[in-house]
Ligand code: HEM
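Here it is as structure tokens:
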């Protein structure tokens, strides 16, 4: 009797929960089934149980194990040339996603419909960022924070930070010099240290000097990222993950909040001293945001500035924003720099033209000093900018992700309505950027295409929609001017000094030697396959590591430039 009562007590809620989950699951699966029946484009091989996961897995198996998942979409792009979008059903892992590479559809997503960020994105970013931030916020909260930061990232403010960039790139040059004629090193790591120093200096005004010695702030972020995955169950289910990420998140917050308080105190002190006695110094992004916030607050409550306090709620979200700037800005900028050097190493005539431009604009080999005196000189380096734009076209480090909205549809190229509710939408930058309908000789590295006039055979069709590494519309990247300035300064100060060449062949043969006799015996007996090491013929293929880092952290060698 007691047993049957227990079974009823425990079993009823369990059975109800199971029925509930099955009902939800069935509803979601039935929806995709209906979309298929309606003719919404999707790859063949869909299954009720695993959506398109098995289809994707089959494509991924043809690539190196760490290749970026977007690289596996090449066949699907070919198969959907008529619609230029397709629905990928990631059941049971994620929400289904409408994947598009049509600039016309991308423009609807980012501008016309201005679709919001997915509600669950914040949760997956939380271990890294700590909570809501610009990248995941929507509506009023997003508007408030974006308006606080816009001024700090403005073109004029970014130009005033060029001398800071020069100081940081000076250390990068010192590091490159230490490898001249030396052994293989990993350019990706070195670029990451550079961009970390830049992002912290420009947003928070701390000199990490991370390029010389790993700073605890950088280390904390790196540990969090080592324990992070958006999908890998081996990492997500590890019981140590949450405490480790929580601890290092606290380390980051403590450092950032202490600096915020310092900036706040400096700001108060500035307001009470005679402005003519204050040293003229470029302010950090957070200092400008704090000033704006405090001025708004002061106007709102009509209270003397000296009596205001830094409110903890504001400080917490501001700390998230800084953590997000570090995360969003570090990898993507570093990988772009590495791919720019890579493309230059493969295209000697472009490198020669770049050097000629630097000779013409700066004359002296010490471009850093000239830039410190006259930051606007970077704007004269048109070919340099064209080289960077071309690197971002061929190796964009990110894509855009948006949430569908009930009742809102995308109009496809044939004029059909594609409903977006309960779907995410991804704009695949890589495939928009090499779209043959828009780009002449799409796979070639041709910086000149950025310098010709409309009507020229190299001029892209509709560059405003077909080129979107920083996305368009209200949710475009807030830091694109910082990125262009940082990369320009780095190229200006290094291109004439160094020749950087990839060393993958040497690296691969060393790795084979290291794996030794057991691996080659295993291969000979067919126990271990010869893993493919290139994607579309590219050894420096983009990997899954956030920011689409080049394979194996880009092993390379550097020598002094031979001209
Ligand atoms: C090569 C470097 C970079 C690239 C290619 C890049 C690309 C992008 C893209 C594509 C978006 C839109 C994402 C979406 O629509 O889902 C974005 C947004 C954003 N990026 Fe970047 N980014 C770069 C560097 C940076 C840096 C250095 C920072 C930080 C200072 C940064 C901060 C942000 C922020 C805050 C947003 C969200 C803006 C908003 O929604 O208001 N990015 N970025």
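Residue numbers (the UniProt record's numbering): 1 to 563.
The beta carbon of each residue, even a glycine, is placed where N, CA and C say it ideally should be.
All values reported here derive from a predicted model rather than from experimental measurement.
Can you give the beta carbon distance from residue i to residue j, rounded, assuming they're within the 8 Å contact cut?
i	j	result
residue 158	residue 87	That belief does not hold up - the Cβ atoms of residue 158 and residue 87 are roughly 39 Å apart, past 8 Å.
residue 464	residue 448	With a Cβ gap of about 19 Å, residue 464 and residue 448 do not count as contacting.
residue 492	residue 388	Their Cβ separation, rounded to whole angstroms, is 11 Å, which puts residue 492 and residue 388 out of contact at 8 Å.
residue 317	residue 96	With a Cβ gap of about 31 Å, residue 317 and residue 96 do not count as contacting.
residue 400	residue 110	7 Å
residue 539	residue 548	No, residue 539 and residue 548 are not in contact; Cβ-Cβ is about 15 Å, not under 8 Å.
residue 544	residue 198	So it is not a contact: roughly 25 Å between Cβ atoms.
residue 319	residue 257	5 Å
residue 420	residue 98	7 Å
residue 225	residue 215	Rounded, the Cβ-Cβ distance is 15 Å, inconsistent with contact.
Compare the beta carbon distance of residue i and residue j with 9 Å and say whether it is the shorter of the two.
i	j	result
residue 172	residue 179	no
residue 369	residue 116	no
residue 263	residue 204	yes
residue 560	residue 499	yes
residue 325	residue 221	no
residue 145	residue 321	yes
residue 93	residue 53	yes
residue 564	residue 383	The question about residue 564 has no answer here: the residues shown for the chain are numbered 1 through 563.
residue 390	residue 354	no
residue 462	residue 438	yes
residue 365	residue 497	yes
residue 338	residue 232	no
residue 202	residue 161	yes
residue 452	residue 442	no
residue 489	residue 470	no
residue 46	residue 36	yes
residue 90	residue 51	yes
residue 289	residue 149	yes
residue 169	residue 134	no
residue 569	residue 385	The structure shown does not extend to residue 569, since the chain spans only 1 to 563, so no value can be given for it.
residue 323	residue 105	no
residue 502	residue 431	no
What did DSSP end up calling residue i once you bin it into helix, strand or coil?
i	result
residue 257	helix
residue 607	Outside the shown range of the chain, which is 1 to 563, sits residue 607, and nothing can be said about it.
residue 571	Here the chain has residues from 1 to 563 only, and residue 571 is not among them.
residue 542	strand
residue 401	strand
residue 495	coil
residue 312	helix
residue 175	helix
residue 367	helix
residue 143	helix
residue 154	coil
residue 91	coil
residue 563	coil
residue 374	coil
residue 396	coil
residue 517	helix
residue 389	helix
residue 119	coil
residue 148	helix
residue 112	helix
residue 162	helix
residue 127	helix
Going by DSSP, what residues sit across from residue i in a beta bridge?
i	result
residue 85	100
residue 417	411
residue 535	538
residue 550	542
residue 501	557
- Message: In chain order, what are the residue ranges of uninterrupted alpha helix (DSSP H) at least 4 long that sit wholly in the region 182–268?
- Response: Within the region 182–268, the complete alpha helix (DSSP H) runs of at least 4 residues are 187–204, 216–226 and 233–236.
- alpha helix (DSSP H) runs wholly inside the region 9–76, at least 4 long, in chain order: 53–60
- What are the complete alpha helix (DSSP H) segments, minimum 4 residues, inside the region 424–490? 429–433 and 463–466
- Message: As an exercise, report each continuous alpha helix (DSSP H) stretch of at least 4 residues that is fully enclosed by the region 286–365, in chain order.
- Response: 312–346 and 348–362
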